[in-house]
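Trainee: Quick one: the structure is below, questions incoming.
Number of protein chains: 2
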Amino acid sequence: MAGRPDRLTLADVAERAGVSRATVSLVLRSSPLVAESTRIKVQRILDELGYVYNRSAASMRASRSRTVGLLVPGLSNPFFAELAAGVDQILDEAGLALFLADSNESVAKQERVILRMREHGADGIIICPAVGTTKDLISRLDAWKFPFVQALRHISPQGDYAGADYEIGMDRATEHLIRLGHRRIAFVGGEHMHSAYRERRDGFVACMRRHGLSPDFILKTPLTRQAGMDAVAAVLEQDEAATAAICFNDVVAFGMLLGLSDRGLEPGVDLAVVGFDDVAEASLSRPPLTTVATLPNQIGQDAARLLLRRIADPHGLPERVILPTRLVVRASCGALRSQRVA
Amino acid sequence: MAGRPDRLTLADVAERAGVSRATVSLVLRSSPLVAESTRIKVQRILDELGYVYNRSAASMRASRSRTVGLLVPGLSNPFFAELAAGVDQILDEAGLALFLADSNESVAKQERVILRMREHGADGIIICPAVGTTKDLISRLDAWKFPFVQALRHISPQGDYAGADYEIGMDRATEHLIRLGHRRIAFVGGEHMHSAYRERRDGFVACMRRHGLSPDFILKTPLTRQAGMDAVAAVLEQDEAATAAICFNDVVAFGMLLGLSDRGLEPGVDLAVVGFDDVAEASLSRPPLTTVATLPNQIGQDAARLLLRRIADPHGLPERVILPTRLVVRASCGALRSQRVA
DNA sequence: TCACGAATTTAGATCGATCTAAATTCCGGG
DNA sequence: CCCGGAATTTAGATCGATCTAAATTCGTGA
Numbered sequence: 318m319a320g321r322p323d324r325l326t327l328a329d330v331a332e333r334a335g336v337s338r339a340t341v342s343l344v345l346r347s348s349p350l351v352a353e354s355t356r357i358k359v360q361r362i363l364d365e366l367g368y369v370y371n372r373s374a375a376s377m378r379a380s381r382s383r384t385v386g387l388l389v390p391g392l393s394n395p396f397f398a399e400l401a402a403g404v405d406q407i408l409d410e411a412g413l414a415l416f417l418a419d420s421n422e423s424v425a426k427q428e429r430v431i432l433r434m435r436e437h438g439a440d441g442i443i444i445c446p447a448v449g450t451t452k453d454l455i456s457r458l459d460a461w462k463f464p465f466v467q468a469l470r471h472i473s474p475q476g477d478y479a480g481a482d483y484e485i486g487m488d489r490a491t492e493h494l495i496r497l498g499h500r501r502i503a504f505v506g507g508e509h510m511h512s513a514y515r516e517r518r519d520g521f522v523a524c525m526r527r528h529g530l531s532p533d534f535i536l537k538t539p540l541t542r543q544a545g546m547d548a549v550a551a552v553l554e555q556d557e558a559a560t561a562a563i564c565f566n567d568v569v570a571f572g573m574l575l576g577l578s579d580r581g582l583e584p585g586v587d588l589a590v591v592g593f594d595d596v597a598e599a600s601l602s603r604p605p606l607t608t609v610a611t612l613p614n615q616i617g618q619d620a621a622r623l624l625l626r627r628i629a630d631p632h633g634l635p636e637r638v639i640l641p642t643r644l645v646v647r648a649s650c651g652a653l654r655s656q657r658v659a
Numbered sequence: 318m319a320g321r322p323d324r325l326t327l328a329d330v331a332e333r334a335g336v337s338r339a340t341v342s343l344v345l346r347s348s349p350l351v352a353e354s355t356r357i358k359v360q361r362i363l364d365e366l367g368y369v370y371n372r373s374a375a376s377m378r379a380s381r382s383r384t385v386g387l388l389v390p391g392l393s394n395p396f397f398a399e400l401a402a403g404v405d406q407i408l409d410e411a412g413l414a415l416f417l418a419d420s421n422e423s424v425a426k427q428e429r430v431i432l433r434m435r436e437h438g439a440d441g442i443i444i445c446p447a448v449g450t451t452k453d454l455i456s457r458l459d460a461w462k463f464p465f466v467q468a469l470r471h472i473s474p475q476g477d478y479a480g481a482d483y484e485i486g487m488d489r490a491t492e493h494l495i496r497l498g499h500r501r502i503a504f505v506g507g508e509h510m511h512s513a514y515r516e517r518r519d520g521f522v523a524c525m526r527r528h529g530l531s532p533d534f535i536l537k538t539p540l541t542r543q544a545g546m547d548a549v550a551a552v553l554e555q556d557e558a559a560t561a562a563i564c565f566n567d568v569v570a571f572g573m574l575l576g577l578s579d580r581g582l583e584p585g586v587d588l589a590v591v592g593f594d595d596v597a598e599a600s601l602s603r604p605p606l607t608t609v610a611t612l613p614n615q616i617g618q619d620a621a622r623l624l625l626r627r628i629a630d631p632h633g634l635p636e637r638v639i640l641p642t643r644l645v646v647r648a649s650c651g652a653l654r655s656q657r658v659a
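Chain order of the listed sequences is G and A.
If you read the first sequence in our numbering, its first letter stands for residue 318, the second for the next number, and so on.
If you read the second sequence in our numbering, its first letter stands for residue 318, the second for the next number, and so on.
The structure is reproduced here in structure tokens:
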């Protein structure tokens, strides 16, 4: 602690309580070895003096820091923020502290941050790899024997992973549109080829193929509202215009809703729009957005639980927790005409 | 590091390089004391062996951890996420690691987290106090000699602080509405009495008073879209209905925009609406939202810089960085009729 | 060639906890 | 009242860096 002049140590407490350092240490770790009466006596002194445990010293000797890292590619994306909240919740319950860092989709910063976490002696790391991360990161983590869990995205099938079943989610959403009678459907949004993109696209393609429809109306765009607005033109002004658009995520879908009303068109009537993620705003857009819920908080919790297990048992078999997604039908796909608000 | 079996130490590197531990240590800290030739030789071995610095050991001896904490009351609020991104950026440049925690507006969790950060030997903390935090927290931080900076909210005028000038921002926004001819203006949103609330409300009240208008149309609501939607009724269905509403933040304002269009009313015509924060979506709502930009990323950067200074000089005079806000006039206030989109 | 101050390097103590192995205390039975 | 085993407690080594103070090496002028 930043050169605090006279920090209390175990020895001070021990002396004051009339026991040895070792005993105080046992009390701190609530070991069953110490007698109830001494535990109470020591605890009283501990509180009285306002003793603060020194984890640097502890982790040095015990080679465990009760700290884990979380690396996300963009905190300002509410999706990752929500994931972080889930991770934090589980770790807090377990009494571990969380090192959070944002790679900003930069592989270089990601590299720096991982090193820093190793230096700080983190017991493990939950990592949502930045775009462009190569497989060898996973091999290195392995070689370093650094416990890790991949979340949301994965760059290698090795190791633990927590995520949502994007492929089936997208498949179901596409199926829903096809049932509503759509035949020409566009897949809109996403520019980088990471696992999360691949899975969603594959779900779309698989479903279209299964129904004998062409899955080649795929539009790559940045993941912003603006891009969604701009995409409206590309979707409608085509020799063979689409009647429905299924978006990579809700943000792009919101953009499309805006783009449609700017042109005086009505979402769900002139073009069915479906999003992905079910962010908080989805039920409050006009019209409310049909989307696929992917529960980032939940995924964060699962990732944290996986990591705790991996730390406890470094050699156990890898696990992949893949949460089911849920199609949330609202008005933007045209299914609930009556519920639509003028 | 989680019981890694055979972690390399300074001694290993020293032996391999044919120098003493002390010399290697100096190289690691890039001390000017070591000769260029030895620095190069040692650095080569360091890279070759893939040595990883052990910060636990270092901070124990040096009583500095090159780590700071950031405590926010709700990561899933994009505003705080953005703040965190700003903090992270500055700290990363300075080579410090960030401990991030979310108090979820719970004083109890906040207390737990602060203790954890002290235990981990954080060099300081940036804290955005949870609702209900009492002044004595600040006194305790002081007594512990734990360097801190308050951000966005403050519970005590003591100590460093980084925030935006909410009061003037709200004053200017109110002034803008009055200039547009409004006389009956409602202040909508906010339920907890923290500094951020008080300052915004005071700005509104001061401006109304200055113009001889009544500032008592104040509606407390949760800070959600839903609450904003619901507030529309309360604002319009009053014996003396308001012609303009100025919201605690953009989220509430978005809700009001939705509430208005649900009733077939036009924001900016039937009711002028102004938000606060200028979140990313503000320019993309329909109509685009007039709001006050408060630059959370910037504030995060300033908070981080303040903390770095405070750590370097624990006894320097306290500083308060108060960033100016900027009124961003779009269509929702009715000022830009021509720009409004049908 | 030697002395001397500056530039480098280093031995050994130290930070504050944990861990090991051994010492002490406690208790019930003989 | 002593003994043996269980229950508690403890001394002292240890983790891997930094720091202090002293030793060594270097370069230069006499």
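Glycine is no exception: its CB is placed at the ideal position from the N, C-alpha and C atoms.
Using CA coordinates, which residue listed in Ala523/A, Arg433/A and Gly412/A is at the minimum distance from Asp419/A?
Mentor: Nearest of Ala523/A, Arg433/A and Gly412/A to Asp419/A, Cα basis: Arg433/A.
Trainee: On the DSSP letters alone, give me the boundaries of the beta strand (DSSP E) that Leu494/G sits inside.
Mentor: Note, Leu494/G: premise wrong, no beta strand (DSSP E); alpha helix (DSSP H) at Tyr483 to Arg496.
Trainee: Below 8 Å on the Cβ atoms is my guess for Ala481/G versus Thr608/G; work out the distance and round it to an integer in Å.
Mentor: At roughly 13 Å, the Cβ-Cβ gap does not stay under 8 Å, so Ala481/G and Thr608/G are not in contact.
Trainee: Near Leu575/G, which residues of its chain fall below 6 Å by C-beta distance, leaving aside the five closest residues on each side in sequence?
Mentor: Cβ within range, chain order: Met546.
Trainee: Under the DSSP definition of a beta bridge, which residues are partnered with Leu387/G?
Mentor: The partner list for Leu387/G (beta bridge, DSSP) reads Leu417/G and Ile443/G.
Trainee: Can we count Pro641/A as close to the ligand FAD, meaning its CB is less than 7 Å from some heavy atom?
Mentor: Of the ligands one can find in the structure shown there are none, so the ligand FAD has no counterpart to examine.
Trainee: In chain order, what residues of the same chain have a beta carbon less than 8 Å from the beta carbon of Pro395/G, not counting five sequence neighbours either side?
Mentor: Val596 and Ala597.
Trainee: Going by CA-CA distance only, name the one from Leu408/A, Leu345/A and Gly617/A that's closest to Asp364/A.
Mentor: Asp364/A has its Cα closest to that of Leu345/A, out of Leu408/A, Leu345/A and Gly617/A.
Trainee: Just list the beta strand (DSSP E) runs in the stretch 325 to 402 of chain G, keeping only unbroken ones of 3 residues or longer that don't cross its boundaries, in chain order.
Mentor: Here the runs fully enclosed are 384 to 389.
Trainee: Taking the CB atoms as reference points, tell me whether Ala374/G and Met377/A lie closer together than 8 Å.
Mentor: Yes, Cβ-Cβ distance for Ala374/G and Met377/A is below 8 Å.
Trainee: Using only CA atoms, which one of Ser473/A, Gly412/A, Gly506/A and Ala402/A lies nearest to Thr538/A?
Mentor: For Thr538/A, the nearest C-alpha among the options comes from Gly506/A.
Trainee: Find the residues of chain A that neighbour Tyr368/G, judging by a C-beta separation of less than 9 Å, and give them in chain order.
Mentor: By Cβ distance, chain A contributes nothing, its closest Cβ being about 10 Å from Tyr368/G, past 9 Å.
Trainee: Would Gly585/G pass as a contact of Ala648/G if the rule is Cβ separation under 8 Å?
Mentor: Going by C-beta atoms, Gly585/G is nearer than 8 Å to Ala648/G.
Trainee: Look up Gln467/G in the DSSP assignment and give the residues it is bridged to.
Mentor: DSSP output for Gln467/G lists Ile444/G and Tyr478/G as bridge partner(s).
Trainee: Please report the distance separating the alpha-carbon of Ser655/A from that of Val646/A.
Mentor: Reliability fails at Ser655/A, whose pLDDT of 42 lies under 50, so the model's placement of it is uncertain and no value is given.
Trainee: Decide if Met318/A is buried, meaning its Cβ has at least 16 other Cβ atoms within 10 Å, or exposed.
Mentor: Only weak support is given to the placement of Met318/A: the predicted model assigns it a pLDDT of 40, under 50, and the value that follows is read from those uncertain coordinates. Buried is the call here.
Trainee: So if DSSP puts Ala507/G in a beta bridge, which residue, or which two residues, is it bridged to?
Mentor: It should be pointed out that residue 507/G corresponds to Gly in this sequence rather than to Ala. In the DSSP output, where bridge partners are listed per residue, Gly507/G has Thr538/G.
Trainee: Can you tell me whether Ile628/G is helix, strand or coil according to DSSP?
Mentor: Helix, per DSSP.
Trainee: The alpha helix (DSSP H) with Cys524/G in it runs from where to where?
Mentor: It spans Ser512 to Arg527 - the alpha helix (DSSP H) in which Cys524/G sits, taken as one unbroken run.
Trainee: Verify whether the separation of the beta carbon atoms of Gly307/A and Thr642/A is less than 8 Å.
Mentor: A question about residue 307/A goes unanswered here, because the residues of chain A that appear run from 318 up to 659.
Trainee: State yes or no: is the beta carbon of Asp459/A nearer than 8 Å to at least one beta carbon in chain G?
Mentor: By this cut-off, Asp459/A is not an interface position.
Trainee: For a cutoff of 8 Å on Cβ pairs, would you count Arg500/A as touching chain G?
Mentor: Arg500/A does not count as touching chain G.
Trainee: Measure the alpha-carbon distance for Gln615/A versus Asp519/A and round it to whole angstroms.
Mentor: Taking the straight line from one Cα to the other gives about 24 Å.
Trainee: For Val466/G, collect the residues of the same chain with a Cβ closer than 6 Å to its Cβ; drop the 5 residues on either side in sequence, then sort them by chain order.
Mentor: Same-chain partners within the cutoff: Ile443, Asp477, Ala620, Leu623 and Leu624.
Trainee: Using Cβ-Cβ distances below 7 Å, what residues of the stretch 385 to 400 of chain G are close to chain A?
Mentor: Cβ contacts with chain A: Leu392, Ser393, Pro395, Ala398 and Glu399.
Trainee: Counting only C-beta atoms, is Val658/G closer than 8 Å to chain A at any point?
Mentor: Confidence in Val658/G is poor, its pLDDT being 39 and thus under 50, which makes the residue's placement unreliable; the coordinate value appears in the next sentence. Chain A contact via Cβ: present.
Trainee: Can you look up Glu472/A in the DSSP assignment and give me helix, strand or coil?
Mentor: According to the sequence shown, residue 472/A is Ile rather than Glu. Three-state result, Ile472/A: coil.
Trainee: So which residues on chain G does Ser376/A lean against when the C-beta distance must stay under 8 Å?
Mentor: Neighbours of Ser376/A on chain G, chain order: Ser373.
Trainee: So, is Ala414/G buried or exposed, given that buried needs 16 or more other C-beta atoms within 10 angstroms?
Mentor: The residue in question, Ala414/G, is buried, as its Cβ has 16 or more Cβ neighbours within 10 Å.
Trainee: Examine chain G for any beta-carbon lying closer than 8 Å to the beta-carbon of Ala626/A, and answer yes or no.
Mentor: The sequence given here has Arg at residue 626/A, not Ala. Chain G, which has no Cβ nearer than 8 Å to the Cβ of Arg626/A, makes this no.
Trainee: I need the straight-line Cα distance from Glu508/A to Arg626/A, nearest angstrom please.
Mentor: For Glu508/A and Arg626/A, the distance between alpha carbons rounds to 34 Å.
Trainee: Check the Cβ of Phe416/G against every Cβ in chain A and list those closer than 8 Å, keeping chain order.
Mentor: Those within 8 Å of Phe416/G in chain A are Ala414, Leu415, Phe416 and Leu417.
Trainee: Thinking just about the alpha-carbon of each residue, which of Arg372/A, Arg383/A and Val591/A is nearest to the one in Ile495/A?
Mentor: Closest option to Ile495/A, Cα to Cα, is Val591/A.
Trainee: Would you check if the distance between the CB atom of Leu325/A and the CB atom of Tyr368/A is smaller than 8 Å?
Mentor: Result yes, Cβ atoms of Leu325/A and Tyr368/A sit closer than 8 Å.
Trainee: Looking at the C-beta of Asp405/G, does it have a partner C-beta in chain A at a distance below 8 Å?
Mentor: Chain A, which has a Cβ nearer than 8 Å to the Cβ of Asp405/G, makes this yes.
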